[in-house]
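Asks: At position 171 of the sequence shown (counting the first as 1) the number is 171 in the working numbering, and the numbers step up by one without a gap.
The C-beta atom is built at its ideal place from N, Cα and C for all residues, glycine as well.
From a predicted model like this one, the values you see are computed outputs, not experimental measurements.
Below is one structure. I have some questions about it.
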Amino acid sequence: MMRLALAFLLALHGAIHLLGAAKGLGLADVAQLRQPIGPRAGALWLAAGLLLLAGAALVALGARAWWAPALAGVVLSQALVVATWADAKWGTVANLVALVPLLVVLLDFRAGSLRSTYRRDVRAALASGPRAAPVVTERDLAPLPPLVQRYLRRAGVVGRPRVRSVHAEFAMDIRGGPDEPWMHARADQVELFAPNARLFFMRASRRGVPVDVLHRYVGDRATMEARVAGIVPVTQLGGRAMTRSETVTLLNDLCVFAPAALVDAPVTWTPVEDDRVRATFTNAGETVSAVLAFDASGDLVDFRSDDRLRADGVTMRTATWTTPLRDYREFGGARLASRGEARWTEGGRTWTYGRLVLERVAYNVAPSGATP
């Protein structure tokens, strides 16, 4: 809703500037503008209007680069407002309103912003470039349980290179509690395997105010930080509990986003039922497990673990974590679930806190291919 409101403001503001262009270029006599506007000034009014309209269109389309024409339009607009203050002074109000989200975007370019930190971490993690990745063969699948073998074949991993890294982009809806409102978010994630690392950046929006979240799991340490408007810290988590929780997430991501990496992963498999198998995974000194459930076709449809801890913004406590999956389609040459949910079960109550739509996946990526 706030995105559409911003698009409407920029579009209306841009359209008003076209009145100044029409007067300055001799296309119409605009009675509301009493001060003279010459052809050169008219061209500037036209440029400001077009820049603001371009920004509005990009905002409406959800394009990341909307800020560039919008910022140029606001700066030029304010210069024109000052030059024709008696007629156009109220344009300052619109420019100030538009400047608020623009400042939030510009703060992302600070070296200390969570997005900038994420970009640096990704570049450092991928600095050596894609490593040699031999193809996965049927022989590689032989040690795995039949359920996992079938899942990997359906994922299309046989005959394709092993996965050393994965870059995923997705849209999300997320909330902090069962009775809290949903926030829309976009997330970018890069993971490396052997050695393992997980880097995750998300920008959510609550009532038009952005909330940035950065998860960092490198070496034997995992941390999570959240900031409102990219500036105000609201959550900072770390320690062994966070590392254990992120180890479960890493196992989940291996199974969901990078199934080909399972052939080399330090996972021990134990059959549970005809359609379920337990995966036990060790990383950074933490050993966690999860039960994977498969449908009759062999697709992974659920992941359940009692080893992930729920963060409530202050503390972390154990709860059952599940991620039901559906709607398989191809991403980066692999057949993956395109939609999923994340649920907590505690005190006999199960509730969904995340809904995910996978948009893009790339494997064995170079640094230039994994920066949001």
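Using the C-alpha atoms, what's the distance from alanine 222 back to glutamate 138?
Replies: Here residue 138 corresponds to residue number 138 of the sequence shown, with the count starting at 1. Here residue 222 corresponds to residue number 222 of the sequence shown, with the count starting at 1. Those two C-alpha atoms are separated by around 35 angstroms.
Asks: Would the beta-carbon of arginine 276 be found less than 7 angstroms away from any heavy atom of the ligand GDP?
Replies: The ligand GDP is not among the ligands present in this structure, which contains no ligands whatsoever.
Asks: Examine chain D for any beta-carbon lying closer than 8 angstroms to the beta-carbon of alanine 293, and answer yes or no.
Replies: Structure shown: chain D not included; a single protein chain is present.
Asks: Suppose only complete runs of 3+ residues qualify. What are the beta strand (DSSP E) ranges in the segment 252-323, listed by chain order?
Replies: 267-273, 276-283, 286-294, 300-305, 309-311, 316-318, 320-322
Asks: Identify the continuous beta strand (DSSP E) that holds arginine 339 and give its terminal residues.
Replies: The residue labelled residue 339 in the question sits at position 339 within the sequence shown. That run of the beta strand (DSSP E) goes 334-346.
Asks: Suppose the cutoff is 6 angstroms on Cβ atoms and the five residues either side in sequence are ignored; what does the same chain contact list for leucine 358 look like?
Replies: Walking along the sequence shown from the start, residue 358 turns up at place 358. If we look at leucine 358 and ignore the five residues flanking it on each side, its Cβ neighbours are Phe170, Ser338.
Asks: Pull the bridge partners of valine 166 from the DSSP assignment, please.
Replies: Position 166 of the sequence shown holds residue 166. Answer by DSSP bridge pairing, in chain order: Glu191, Tyr363.
Asks: Could you tell me the distance, in whole angstroms, from the CA atom of arginine 123 to the CA atom of glutamate 225?
Replies: One-based indexing of the sequence shown puts residue 123 at position 123. One-based indexing of the sequence shown puts residue 225 at position 225. Taking the straight line from one Cα to the other gives about 19 angstroms.
Asks: On the three-state DSSP scale, how would you describe leucine 25?
Replies: Taking the sequence shown and counting its residues from 1, the one referred to as residue 25 is at position 25. Coil, per DSSP.
Asks: Using only the alpha-carbon positions, how far apart do alanine 68 and glycine 55 sit?
Replies: Looking up residue 68 in the sequence shown gives position 68. Looking up residue 55 in the sequence shown gives position 55. Each residue's alpha carbon lies about 7 angstroms from the other.
Asks: Using only the alpha-carbon positions, how far apart do leucine 58 and leucine 51 sit?
Replies: Position 58 of the sequence shown, counted from the first residue, corresponds to residue 58. Position 51 of the sequence shown, counted from the first residue, corresponds to residue 51. Cα to Cα, the separation comes out at about 11 angstroms.
Asks: Report the partner residues of arginine 175 according to the DSSP bridge assignment.
Replies: By 1-based counting over the sequence shown, the position of residue 175 is 175. Arginine 175 pairs with nothing; no bridge assigned.
Asks: Out of Ser113, Thr268, Ala185, Thr280, point me to the one whose CA is closest to proline 233's CA.
Replies: Along the sequence shown, one-based indexing puts residue 233 at 233. For proline 233, the nearest C-alpha among the options comes from Ser113.
Asks: With DSSP run on the structure shown, which of helix, strand or coil describes glutamine 149?
Replies: In the sequence shown, the residue the question calls residue 149 occupies position 149. Helix, per DSSP.
Asks: Which two residues bound the contiguous alpha helix (DSSP H) that contains valine 59?
Replies: Sequence index remark: in the sequence shown, residue 59 carries index 59 (1-based). Taken as a continuous stretch (DSSP letters only), the alpha helix (DSSP H) holding valine 59 covers 39-61.
Asks: Apart from the five residues on each side of it in sequence, which residues of its chain come closer than 6 angstroms, Cβ to Cβ, to histidine 215?
Replies: If you number the sequence shown from 1, residue 215 lands on position 215. Closer than 6 angstroms at the Cβ level, and outside the excluded window around histidine 215, lie Phe200, Met224.
Asks: Counting C-beta neighbours from all protein chains within 10 Å, is the total for leucine 96 16 or more, i.e. buried, or is it exposed?
Replies: Position 96 of the sequence shown, counted from the start, is the residue given in the question as residue 96. By the 10 Å Cβ count, leucine 96 comes out exposed.
Asks: Need the endpoints of the alpha helix (DSSP H) that proline 69 sits in, please.
Replies: Working through the sequence shown from its first residue, we reach residue 69 at position 69. It spans 67-83 - the alpha helix (DSSP H) in which proline 69 sits, taken as one unbroken run.
Asks: In its own chain, which residues sit with a C-beta less than 6 angstroms from the C-beta of alanine 258, not counting the 5 before and 5 after it?
Replies: Working through the sequence shown from its first residue, we reach residue 258 at position 258. Once the five neighbours on either side are set aside, the close Cβ partners of alanine 258 are Val163, Val166.
Asks: Which value, in whole angstroms, describes the spacing of the CA atoms of alanine 86 and glycine 26?
Replies: Looking up residue 86 in the sequence shown gives position 86. Looking up residue 26 in the sequence shown gives position 26. Their backbone Cα atoms lie some 21 angstroms apart in a straight line.
Asks: According to DSSP, is valine 211 helix, strand or coil?
Replies: Locating residue 211 in the sequence shown gives position 211, counting from the first residue. Here valine 211 sits in strand by DSSP.
Asks: Please work out which residues of its chain come closer than 8 angstroms, Cβ to Cβ, to alanine 293, disregarding the five sequence neighbours upstream and downstream, and give them in chain order.
Replies: As a position in the sequence shown, residue 293 is number 293, starting the count at 1. These residues qualify, in order along the chain: Asp275, Arg276, Leu300, Val301, Asp302, Phe303, Arg304.
Asks: Rounding to the nearest angstrom, what Cα-Cα distance links threonine 84 and threonine 92 in this structure?
Replies: One-based indexing of the sequence shown puts residue 84 at position 84. One-based indexing of the sequence shown puts residue 92 at position 92. So the two alpha carbons sit approximately 11 angstroms from each other.
Asks: Return the residue from the list Leu9, Gly354, Leu6 that minimises the CA-CA distance to methionine 183.
Replies: Here the question's residue 183 lines up with position 183 in the sequence shown. The candidate whose alpha carbon is nearest that of methionine 183 is Gly354.
Asks: State the start and end residues of the unbroken beta strand (DSSP E) segment that holds threonine 223.
Replies: Walking along the sequence shown from the start, residue 223 turns up at place 223. Segment 221-228, the beta strand (DSSP E) holding threonine 223.
Asks: What three-state label does DSSP hand proline 101 in the structure shown?
Replies: Here residue 101 refers to the residue found at position 101 when the sequence shown is read from its first residue. Looking at proline 101 - three-state DSSP - the assignment turns out to be helix.
Asks: Does glycine 239 come out as helix, strand or coil in the three-state DSSP assignment?
Replies: As a working mapping, residue 239 is identified with position 239 in the sequence shown. DSSP places glycine 239 in the helix class (H, G or I) of the three-state scheme.
Asks: Look at the alpha carbon of methionine 202 and the alpha carbon of alanine 187, and state the distance between them as a whole number of angstroms.
Replies: One-based indexing of the sequence shown puts residue 202 at position 202. One-based indexing of the sequence shown puts residue 187 at position 187. Linking methionine 202 to alanine 187 through their CA atoms gives a straight-line distance of about 4 angstroms.
Asks: At which residues does the beta strand (DSSP E) containing serine 116 begin and terminate?
Replies: Locating residue 116 in the sequence shown gives position 116, where the first residue counts as 1. That residue, serine 116, is in no beta strand (DSSP E); its alpha helix (DSSP H) goes 114-125.
Asks: Considering Cα atoms alone, identify which of Asp220, Gly177, Phe193, Val209 is closest to alanine 185.
Replies: Numbered from its first residue, the sequence shown carries residue 185 at position 185. Answer by Cα proximity: Val209.
Asks: Hey, out of Arg349, Thr350, Ala334, Thr323, whose CA is closest to arginine 360's CA?
Replies: If you number the sequence shown from 1, residue 360 lands on position 360. With distances taken between Cα atoms, arginine 360 lies closest to Ala334.
Asks: Let me know the secondary structure DSSP gives arginine 110 once reduced to three states.
Replies: Residue 110 sits at position 110 when you count from the first residue of the sequence shown. Coil, per DSSP.
Asks: Distance check for glycine 332 and tryptophan 321, CA to CA, integer angstroms please.
Replies: Numbered from its first residue, the sequence shown carries residue 321 at position 321. Numbered from its first residue, the sequence shown carries residue 332 at position 332. Each residue's alpha carbon lies about 27 angstroms from the other.
Asks: CA-CA distance, glycine 176 and arginine 310?
Replies: On the sequence shown, position 176 is the one that residue 176 refers to. On the sequence shown, position 310 is the one that residue 310 refers to. The straight-line gap from Cα to Cα measures roughly 10 angstroms.
Asks: Are the Cβ atoms of aspartate 327 and glycine 230 separated by less than 8 angstroms?
Replies: Residue numbering aside, residue 327 sits at position 327 when the sequence shown is read from its first letter. Residue numbering aside, residue 230 sits at position 230 when the sequence shown is read from its first letter. No, these two residues do not count as a Cβ contact at 8 angstroms.
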